[in-house]
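Comments concern the structure below.
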Amino acid sequence: MHRNKGFTLLELLMTIIIVSIVASIALPSFLSVIERNQLSSQANSFIGAVSMARSEAAKRGVTMSLISNSTTSDWSSGWCLTPGATNCTGTVTHKYPPTAGGLVLSGNRSIFSFDARGYLSTSSGTLTLCKSSGKEGQQITINAAGRANGQRITCP
């Protein structure tokens, strides 16, 4: 007797059902990993901008400012690095894009200025990065010495 090679329809349906169940269990945890990576990436982008502002200030010997594009404490619309200005319309050294993926970046000021030594010109500052639909976020603190660091927080 000759046997047919291959799968029966029943075997194929069972395999699809099992794969669907496993995928539905794994998907929520996979999405939370993606969300955490988005938060970390955006926080690292801002921390990198702070480092660039400090090094440019020291290299040029002038005050360099990170300025919110919105000229308010909402940094979600992007920001720019410029020598000593109060807005992003003049000479801009570097422009940073808006936050993506429903991330909201807000701070306690609209300008962070760094003097020629790389120090923050005013007292320390804080920014909060939260997903508009989530509870997990990052808080970025810039101390008076101009150093920025991020830590995980629970968003309100």
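Per the UniProt record's numbering, the very first residue in the sequence shown carries number 1; after that it's consecutive.
Think of the CB as a built atom: it goes at the ideal place given N, C-alpha and C, for glycine as much as any other residue.
Computed from a prediction, not measured in an experiment: that's the story for all the values here.
Original post:
Using the rule of at least 16 other Cβ atoms within 10 Å of the residue's Cβ for burial, across every protein chain shown, is L31 buried or exposed?
Top reply: Counting of Cβ neighbours within 10 angstroms places L31 among the exposed residues, the total staying below 16.
Original post:
According to the neighbour-count rule (16 or more other Cβ atoms, all chains shown, within 10 Å of its Cβ), is S24 buried or exposed?
Top reply: Under this definition S24 is an exposed residue.
Original post:
Within 10 angstroms of its Cβ, does A53 collect 16 or more other Cβ (buried), or is it exposed?
Top reply: Counting the other CB atoms within 10 Å of its CB gives A53 a total of 16 or more, which places it among the buried residues.
**OP:** Give me whichever residues DSSP pairs with Y96 in a beta bridge.
**Re:** W79
Subject >> C-alpha gap between K133 and R109, whole angstroms >> reply: For the sequence presented, residue 133 should be read as Ser rather than Lys. When rounded, the distance between both Cα atoms is 24 Å.
Subject >> Segments assigned alpha helix (DSSP H), at least 4 residues, entirely inside the UniProt domain "General secretion pathway GspH" (42-146) >> reply: none
**OP:** Check whether the Cβ atoms of I67 and I18 lie closer than 8 Å to each other.
**Re:** no
Subject >> Selection from K135, K5 and T63 that minimises the alpha carbon distance to T86 >> reply: T63
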